[in-house]
Each structure stands twice: as C-alpha cells, then as structure tokens.
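To convert, take the position in the sequence shown, counting from 1, and add 340; that gives the working numbering. Before any comments, here is the structure.
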Amino acid sequence: MSQSYNPFYNIENPQLMGYEYAWSSFMRGQGLNNAIISQEIGQSWERCRNGRIQMNFKGNTSNTPGEAPNTQETFLKQTGGKMIADILEAWDNDCFYGIITDAHGKKLFGMSNTHRNFSKKLEKVGEIEDFSEGCAGTNCFSLVSETCRPFATAGAQHYFECFHGLAGYAAPIFSANYQMIGMVGFYTIAERMDEYILSFAVAVERAIENSLRWFRSQALVEKETEEKQLILDTVSDGVVYVSDSGRITHNNRKLTELLRMKNDSLIGKDISFIITSPPVEELKKYPFSSQYSKCDNKVSINNTLGESCQCFFNKYQIAEHEADRNSEIWVFTIYSDIKKLAKKLYTGNTSRYTFQDIKSRSESMRMVIELAKKASSFQVSTIIEGESGSGKEMLAQAIHSEGPRKAGPFIAVDCGALPSGLLESELFGYEEGAYTGARRGGKQGKFEMANKGVLFLDEITNMPLDMQAKLLRVLQERQAVRIGGSDPIAFDVQVIAATNKDIISEIERKNFRLDLFYRLNIIHIKIPALKERKDDIDLFIRYFMNKFNPKGDMRIHPDAIQILRKYDWPGNVRQLENVIERMVIIADTRIIGRECIPDEILKSVGEPVGISVDLNRDETLEDLCRLYVYKTVERYGGNIRRAADALGISRATVYKYLKTMGKPD
C-alpha cells in the first residue's frame, strides 16, 4: 500500500467506500471485514499477501517468439474478439475495455472504445498481459479462474491500487465436455459499475460456446467426410455414390485410376459417362446386393483412352436413416483383380507357424524368440543361423505370422537347390521370350511375389558368389529387373536369410560376401542345437507323441526316454520327430520300449544292440537257446508273435522253451 494512500478520496458511491475501508484495514493488518468482503475475495487477498505478489503487467505466460497459439486459442481470439468489437461499437457512449483470456488468465484479445470517451483509468488495463492472481492480484478474471463461475470485482475489491478506480466483470467459457477453456469480460470505470454488464459478459460467453460447438460440429462433419473418403480409397474395387437423378456424388481413387482421370473430376457427372454396356436404365432395375448375397452382374466401362474394362457390378441401398437415403452405392469389381487374387490364394504363399507353436522351456530359446519378435515388429532384414532341423523356417514363418506383414505373402526359396542361372530367374523373374522355353507372358520373380510380405532365403551361404553380387544390388536398390526386361520393378519386402553353417567362417573362407552380410545382418539370430537344450527333449517327446498317437493310448518306457535324452541329435528337432514317428509305427504294444529305438542311436549312447547272452561254462547249448528265446520275448514286450517272427520259429516252439526254463536269474 502506498504511503500517501488516502481512502477518503472523492468516492460518492457508499459501496465503493466500504470496499476501500475494508481493503485499507486489511492492508494495515487489522483483519478482514467479512460483512463487506466476500469469502472468495478475502481468500484471494490472503494468498496475495502471503505470497507477497507484486503487480506484473507483462505476465509470464505469453507465447514465446515463434510459438504459435493452438487452434482453440485462435478460435477464442477471432470469434470472441469479433463479438466484443460488435458490443463495444454499440456501447459507444460509455468507456469499456473488452478482454478474452485463456483458462489461466493469459490475455488473448483486448480492445477498448475509449477513443470515443477517453478514460485514463482504463489505460492501465490495456497494458496487462496476464490477469492471473500471481501477476495481477485479485481481479474478476483470477476469481473466475479460481471458482469457474461468473464474477464481478469493483474498486478496492481488487488487491492492487491500479484497479481501484475500475469495475470488472468476467465469465468462464466452457468446451463441449465442460472443461473451462477461457474467459471473457469487460472493465469500466468504477463509478459506472452495474450488474447488467456481468449479464452481457455471460451472454457473450454463451454465444462463444455456441459458436465453438458449431465449429466443432463442422470440424466433425469434415473429419467424417475425410474418413469416409479414406475408407473408400482403401477399397480395392471402384466405388461411386449415385444420386436418385443419376449423378455421381462421391467416388474413390480406384475408379478414377481405372478411368485414367483426376480424383474429383467425376463429381457431378451422370453415371452413364463411365458405363458402356448394358444401358444405365437397365442397371437401375437390377436388384440390390447385400452382405449375404451378391448379384455380380457383368458390365463394361470405358476409360478416357477409349479402352474397355470388364467388371462385376453390384449396387447397394443406403440405409433409410441416412440424410442421402435416395442415393445408391455402385461397386465395380475388375475381372483381372479377381484373377490375380485367385492366383495368389491358389499358390498358398502363407505362413503356418506362430511363436506359440515353438515349443521350448530353455532360457536360450526364450531369448531367441524375444529377438525374433523384435525382427517381426520392426520388419528388418534378419539372418537365422542354426543346424539342420533346428527350426529355422518355422521361426521365419512365426516372424511373418505375428508381424505387420502377416497379411502379405510368405515366399520361401532354397538357394542351395538351384543353379545360378535358374536361381536368378526364380528370384527376379523373366519376360516373355527371354530365353528358349520361357513361359508365355513371362513370370514373376519371388521378390515381386513377396511384395508387402516376407521373402525367406534358405541356405543362403550355398548361393553362388556371382548371384550374391546381384542379390546385393537388388537389396540396395529395392527394385529388380526381370531377365530380358528393361524396366525396374519396385518391391517392399522383408528379407529373412537362413543358413546351417557358421556364416562368419564362410566369410573368412571367401564363400560369402561380407557386404551382403552387412546388408542382411540387422538382426542375427542363432538357434541353439537340441543337444544344447536337453530340457526340451522331454517336451518334444510329449508333443510328438500327441501328434502321432492322437488317441493317447501309447507311452514310451522310461528306459527308452533315458536313451533318447543321452543322444546328441545331430538332426535336431526334425530327427527327433522322425524317430518318435517311427517308434509309434513299429511298436506292437502300448508301451514303447528300447527295442523300437534305431540301432544307430543305441550304438551312439553305448547301449547294446540286439540280444546279448552271458556265457557260463556249466550251461549247455539247450540252456543258452532257452535264455535267448526268453530275452527275445522280453525285448518285444511279451509279444509272442513278434518274438517268434524275429527268431524264425513257431509260436508253439517259443511257448515250449518258456515252459521248460521258468524265470531266469
């Protein structure tokens, strides 16, 4: 408070005089007069005094240089500002200053009509950039920001003296979801304070809110129109909206591409402009299609070059609740597109496996799967290294199945199975007449076929060096030229390469190009051999037993499982799968014993092959024969028929030996 302050300056309004006495007493530390000052204003005074707030005309929340106001602020400034300008034009006999702020009090717009009735008291209001409590103390805008309701402050209800000759009226502006987004208000000289000004502030606030809702609804309509057009443009068929008068009101990009026209050049034209046959009047009589049944009528349409295109035609009725319910949607499906789709579906270029199909409980395989998921998500070139039968292609298919490219094809090429010349035509394709025996019309290469999908290059280290150089160039350019052709064909392909060799060793031996390795090796995955994850053997045994014995009425004897665990499995999971299938097939009992295990596995783990009989000097030849028969029967799980077949004797002879010897030691 100024040392020269005198509350008894020329104030005729007793209400304003009361505010001055209350403010003067508060500033002198004599307490707050609650009979004169409202609770909200008193609390604001307390915050200002406790925070030692100093008047800050410039504020600290204005946009920094180069920072553009957001759309909401721009709308408030433009729409609210125009309304304030119109009101001030009508109030040309009074002194007013109209203000628009954001929700925190930062001034977005300010305008006065004091050029007609000048008031020095209002001059300071125009200099204020921030009406928040922290910058301008207690005022109508700071109280609206605090309470979210209209508020008026007059004279010494303001905390700072520069406002004491003024009266302010402000109201909050709310968005459609009832969030306060700004404030609108007016300042005038205190002697002319009147509650009707607050009513005007509220009226302007309501008008701004209504304009904002209209603006939002228009924006939503435009967005809906854009989204509808976007949806139409993603449809692979040609689509038009046809009014009841036969005029085109909407169309998608596919149709204009087919007609060789600009995207908006069809709007307003008669539908007969694009249809050659049958007559449009006949098409209008065709029944409507639905999601359950399509009519697929045949029509011909002409492009601007005079070329005719054969299409299937279906039309759909727009729902009755739609505003343009008299319109119809006409859809043109091109014959050639259907043929291409049928060809793609026929080739079956899809992946069968997902990450859930990869069975493992080892930590090393868990890390492999996590790395493969990253390759899938980021769609990057990947090298998979692993022994034969370890599941390299299965992992590659899982990368395809669960990545962004799952809707695209999965194309696999065995690089080691084809000679260099044939591999080149297989990868890049060829044009008609490229060489003797070339297919009529030429042939797509695997890169073309894999567009928007995954190309799996198996056994890439077996690829000839000259072919590696060509592959490198294609990967760098991301386009290929067919054999016998001259136009490059662009493609968008994720390449996954696989090898059963140590690729670094192959590079050192000059069998594989280092630059090609760098091009492919964004993610390098090494699948551990089955011998390095013995814990997975039991898991695979159960899985393959369920696969080859779906009834579940057979099981492998624990001794046989122990033998399978000891083996190193050079053929990895594929070899184990084949062995389990063989054991299920040859087993004659529900308990599959060691006799069903291939001899090479038994030899490898040091298990005896065939039947062994310990010799004893006191035993006769007849005793040894009986013991050999007994062990043979035991080997075949008690199956007398199989034991007799293996020994080359009758079942009666087997029974005779068993009866005469009893149970051996």
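C-beta atoms are modelled at their ideal positions from N, C-alpha and C, and glycine is treated no differently.
C-beta atoms of residue i and residue j nearer than 8 Å
i    : j    : result
C388 : T487 : no
S721 : E872 : no
V544 : P512 : no
I823 : L795 : no
F397 : E469 : yes
F415 : F514 : no
V620 : G586 : yes
I932 : A900 : yes
A496 : E360 : yes
V821 : F787 : no
Y656 : S691 : no
L506 : I521 : no
I669 : V814 : no
V924 : G729 : no
Interface flag, residue i vs chain B, CB-CB below 8 Å
i    : result
N374 : In the structure shown, chain B does not exist; there is a single protein chain.
Residue i versus residue j - alpha carbon distance
i    : j    : result
L606 : S640 : 17 Å
T972 : R706 : 44 Å
R489 : N390 : 25 Å
I881 : L870 : 12 Å
G782 : C649 : 22 Å
K625 : L735 : 54 Å
N523 : M367 : Before going further, note that residue 523 is Met rather than Asn in the sequence given. In a straight line, the C-alpha of M523 is about 29 Å away from that of M367.
C502 : E386 : 18 Å
D442 : G421 : 13 Å
I724 : Q816 : 20 Å
R895 : R849 : 47 Å
D426 : E535 : 20 Å
F449 : R553 : 20 Å
N886 : G892 : 7 Å
N353 : E531 : 7 Å
K714 : G743 : 9 Å
I920 : R975 : 18 Å
E473 : Y527 : 17 Å
G977 : R930 : 9 Å
L969 : V753 : The sequence given here places Val at residue 969; Leu does not occur at that position. Roughly 53 Å between the two C-alpha positions.
K417 : Y437 : 15 Å
S612 : S667 : 16 Å
Three-state secondary structure (DSSP) of residue i
i    : result
C649 : strand
W431 : coil
L372 : coil
L506 : strand
Y693 : coil
A547 : helix
T589 : strand
E621 : helix
M451 : strand
D584 : coil
V833 : coil
H864 : strand
F613 : helix
I674 : strand
R991 : helix
D754 : strand
R873 : coil
M523 : strand
K640 : Contrary to the premise, residue 640 reads as Ser rather than Lys in this sequence. It is a strand residue.
F628 : coil
Local Cβ density within 10 Å of residue i, reported as buried at 16 or more and exposed below that
i    : result
N410 : exposed
R780 : exposed
Q370 : exposed
T687 : Note that T687 scores a pLDDT of 46, beneath 50, so its modelled location is shaky; the value from the coordinates is reported in the next line. Exposed, because fewer than 16 other Cβ atoms sit within 10 Å of the Cβ of T687.
Q737 : buried
Y518 : exposed
D876 : buried
T616 : exposed
D928 : exposed
Q696 : exposed
A682 : For A682, the pLDDT reaches just 46, beneath the cut-off of 50, and the residue's location in the model is therefore unreliable, although a value from the coordinates is still provided. By the neighbour-count rule (16 or more Cβ atoms within 10 Å), A682 is not buried but exposed.
R991 : exposed
K594 : buried
D878 : exposed
E710 : exposed
Any non-hydrogen atom of the ligand NAD closer than 7 Å to residue i Cβ
i    : result
W431 : This structure simply doesn't include the ligand NAD, nor any ligand for that matter.
Ignoring anything shorter than 3 residues or poking outside the region 772-857, list the beta strand (DSSP E) runs there in chain order. 794-798, 819-821, 828-830 and 834-839
Runs of 4 residues minimum, wholly inside the region 886-957: which ones carry the alpha helix (DSSP H) assignment? 898-906, 912-926 and 939-944
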